[in-house]
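J.: In this note's numbering, the protein residues as written are 11 to 524. Even for Gly, the Cβ is constructed at its ideal location relative to N, Cα and C. Okay, here's the structure, questions in a sec.
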Amino acid sequence: MFEKILIANRGEIALRVARACRELGVRTVAVYSVADRDSAVVRLADEAVCIGPPEGRQSYRNAAAIVEAARRTGAEAVHPGYGFLSEDADFAEICAENGLVFIGPRPEVMLALGDKARARALMRDADLPLPPGSLATVGTAARARAVADEIGYPVIIKCAAGGGGRGMTVVWRAEEFGPAYDRTRSAAQAVFGDDRVYVERYLAHARHVEVQVLCDGHGHGVHLGTRDCSVQRRHQKLIEEGPAPGLSTGTLDALAGAALRGALHAGYTGVGTFEFLVDEAEGFSFIEVNCRIQVEHPVTEMITGIDLVHEQLHIAAGVPLRLRQEDVRISGVAVECRVNAEDPDRGFAPAPGRLARFAPPGGPFTRVDTHGYPGYLVGPYYDSLLAKVVVWAPDRDLALGRMRRALHEFDVDGPGVRTTIPFLRRVLDDAGFRRGRYSTGLVDRMLAVADPPAEPSRRPSAVRPAAPVAGKGVPAAPRQGGPAARRGGPVVEGVAAVRRGVPPGTANHPRRTR
Ligand code: ADP
11 MFEKILIANR GEIALRVARA CRELGVRTVA VYSVADRDSA VVRLADEAVC
61 IGPPEGRQSY RNAAAIVEAA RRTGAEAVHP GYGFLSEDAD FAEICAENGL
111 VFIGPRPEVM LALGDKARAR ALMRDADLPL PPGSLATVGT AARARAVADE
161 IGYPVIIKCA AGGGGRGMTV VWRAEEFGPA YDRTRSAAQA VFGDDRVYVE
211 RYLAHARHVE VQVLCDGHGH GVHLGTRDCS VQRRHQKLIE EGPAPGLSTG
261 TLDALAGAAL RGALHAGYTG VGTFEFLVDE AEGFSFIEVN CRIQVEHPVT
311 EMITGIDLVH EQLHIAAGVP LRLRQEDVRI SGVAVECRVN AEDPDRGFAP
361 APGRLARFAP PGGPFTRVDT HGYPGYLVGP YYDSLLAKVV VWAPDRDLAL
411 GRMRRALHEF DVDGPGVRTT IPFLRRVLDD AGFRRGRYST GLVDRMLAVA
461 DPPAEPSRRP SAVRPAAPVA GKGVPAAPRQ GGPAARRGGP VVEGVAAVRR
511 GVPPGTANHP RRTR
């Protein structure tokens, strides 16, 4: 095992990693931006190094500053957390060149899986079912249109380098395709520095179900069951639960088996997540791989009793996996709610400010991962995630009751600060959600009920402009568009809005490897 590692991240995940390290007797180096000098991880880590100004590209995305901090402190490995440099193959290579272990998959595997179009082709080779669409990126608008016409509408145009719910455009009718295609490509170039796109069938009533896998560097892997992450706004998750409810054991096993097959085929090492869409008939298709620890990893920890960060550290240190598939037992149900500093009444716009009150819930089988405290300043620079409330219970009804109780207890307030808590409580009370019968359209359906459209529209999530995902290193920007704009024009999901957050031509491409 390592003696000392550097944590190249901030917020709750930096704390989460620091805790795992202390439990294993590994010393930690926290790095922080000027904006985070009062953060909890700076106090709790063994050492802390300031790496630059608040802007992500000058601090948490600044590979040179991070490597220099590791060199100065004698750290042997770098844990990248999620977001920032966690899926940047160049950064993983830079670590290796500087004698540092990158805690994650090998750079070439990250490159292959981080490019969504390449991942699609690779997983087809591993016999994973894909949504109908182009196997590789499509070139001219005419060729792309031919693909779309062949698979039938609605289709979704996806940026090969997209991520974080951004870089996707839903097209409902053939006549909208051409302009949507051009807009998506030029926005992708501006935001991701890569204009390659591919086309997929848009599955309007699907569920997002993902499988956690764990693979060592010796060719062994296990899966740790499923999570349902269909409660999303702007294609970003709000509530996750595991195991995915309402699916037959056969489907759950088939999903898990497909994910593990894909991971071994790709030569994956470390913790990773294979994401799928599942339709009403329980047919499923692969959408992408996340090559990192995920925000929602505690759900899996609660139902398996396995500490995923401990496992990451062991695997990166070269220790063979100590688990066999038959050792993995899924027990009970876990649910996670993401408490973000966002205003659900204003399209989930970031609502930063200083926390006057911050008292997270406690109680049995209730875990809160947070970096917040009374007096903490939720700044404009980073992700709006403030806390993750995770509960476990023997069955789903009890888990939901426990989550309602926990959110009821959560006391958080401050001038200007709004949180997702009231909206999360509404979801927990939604009849479809309570029955475990819901799809990725749930949040849009709820918002449509609260704010009936002026004219009938069957265009759900795809038409909602996205606010930036600051956690991916993108500075927050003011929210655009009221309810009318949210329901309005046909296509660009995410990309247009992010463009406003990140000026074209900035070197800070959110995920260069994706
Ligand atoms: P990202 O890498 O940006 O997170 P994903 O490919 O994981 O993008 O997709 C994020 C979400 O977008 C999915 O959970 C789902 O809600 C929606 N989505 C993606 N592809 C499709 C599709 N083909 N049909 C319907 N919804 C989709």
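CA-CA distance, I23 and F420?
T.: 20 Å
J.: Which residue from A351, Y208, F358, C225 puts its Cα closest to that of L365?
T.: A351
J.: Alpha carbon to alpha carbon, what distance is there between L132 and V148?
T.: Between V148 and L132, the C-alpha separation is close to 17 Å.
J.: Taking 6 Å as the cut-off, is the CB of T450 close to at least one heavy atom of the ligand ADP?
T.: For the ligand ADP, at least one heavy atom lies less than 6 Å from the Cβ of T450.
J.: Let's see if you can read the secondary structure: which residues bound the alpha helix (DSSP H) around F187?
T.: 184-202
J.: Could you pull out every residue in the same chain whose Cβ sits closer than 6 Å to the Cβ of L387, ignoring the five residues on either side in sequence?
T.: Excluding residues within five positions, the ones whose Cβ falls inside 6 Å are R364.
J.: Where DSSP assigns a beta bridge to R37, which residues make up the other side?
T.: As a beta-bridge residue in DSSP terms, R37 pairs with K14.
J.: Compute every distance between the C-beta of I297 and the non-hydrogen atoms of the ligand ADP, then say whether any falls below 6 Å.
T.: At least one heavy atom of the ligand ADP is nearer than 6 Å to the Cβ of I297, so yes.
J.: For N108, which residues in the same chain have their Cβ closer than 8 Å to its Cβ, ignoring the five residues on either side in sequence?
T.: Closer than 8 Å at the Cβ level, and outside the excluded window around N108, lie V77, A80, R81.
J.: Taking C-beta to C-beta, are G227 and L138 nearer than 7 Å?
T.: no
J.: Compute the minimum distance between the beta carbon of Y212 and the heavy atoms of the ligand ADP, and state whether it is under 6 Å.
T.: yes
J.: For C169 and G373, I'd like the C-alpha separation in whole angstroms.
T.: 43 Å
J.: I need the DSSP call for E290, collapsed to helix, strand or coil.
T.: coil
J.: State the DSSP-derived secondary structure class of I249, mapped to helix, strand or coil.
T.: strand
J.: Using only the alpha-carbon positions, how far apart do Q335 and G315 sit?
T.: Taken atom to atom, the span from the alpha-carbon of Q335 to that of G315 is near 14 Å.
J.: Determine the DSSP secondary structure at R217, reduced to helix, strand or coil.
T.: strand
J.: Under three-state DSSP, which class holds H320?
T.: helix
J.: Would you mind reading off the limits of the alpha helix (DSSP H) that contains F443?
T.: Element bounds for F443: 441-445.
J.: Would you kindly report the start and end of the unbroken beta strand (DSSP E) that includes R347?
T.: Before going on, a small fix: residue 347 reads as Cys here, not Arg. 343-350 is the span of the beta strand (DSSP E), which, as asked, contains C347.
J.: Would G382 and A369 qualify as a contact pair, given that the criterion is a beta-carbon distance under 7 Å?
T.: In this structure, A369 does not lie closer than 7 Å to G382 by Cβ.
J.: According to DSSP, what are the bridge partners of H89?
T.: For H89, which the question treats as bridged, DSSP gives the partners I17.
J.: CB of H418 to nearest heavy atom of the ligand GTP: below 6 Å?
T.: No copy of the ligand GTP occurs in the structure displayed; its ligands are the ligand ADP alone.
J.: Exposed or buried, which one is P404 when buried takes at least 16 other CB atoms within 10 Å?
T.: exposed
J.: Less than 7 Å between the C-beta atoms of A269 and V223, yes or no?
T.: yes
J.: Between G442 and the ligand ADP, is the CB less than 6 Å from at least one heavy atom?
T.: no
J.: Is it the case that the Cβ atoms of S295 and L140 are separated by a distance below 7 Å?
T.: yes
J.: Between V27, T310, L265, which lies nearest to Q322 when the distance is taken from Cα to Cα?
T.: V27
J.: Does the beta carbon of G426 fall short of 6 Å from some heavy atom of the ligand ADP?
T.: no
J.: Can the beta-carbon of R217 be found closer than 7 Å to that of S240?
T.: At the C-beta level, R217 and S240 come within 7 Å of one another.
J.: May I have the straight-line CA-CA distance separating E13 from V88, to the nearest angstrom?
T.: 12 Å
J.: In whole angstroms, give me the CA-to-CA distance for A198 and G177.
T.: Spanning the alpha carbons of A198 and G177 requires a straight line of approximately 6 Å.
J.: Need the endpoints of the alpha helix (DSSP H) that I313 sits in, please.
T.: 307-314
J.: Provide the residue(s) that pair with A403 in DSSP beta bridges, ordered along the chain.
T.: V343
J.: Apart from the five residues just before and just after H245, which ones in its own chain have a Cβ nearer than 6 Å to its Cβ?
T.: G175
J.: Suppose the cutoff is 7 Å on Cβ atoms and the five residues either side in sequence are ignored; what does the same chain contact list for V157 look like?
T.: G143, S144, V148, V209
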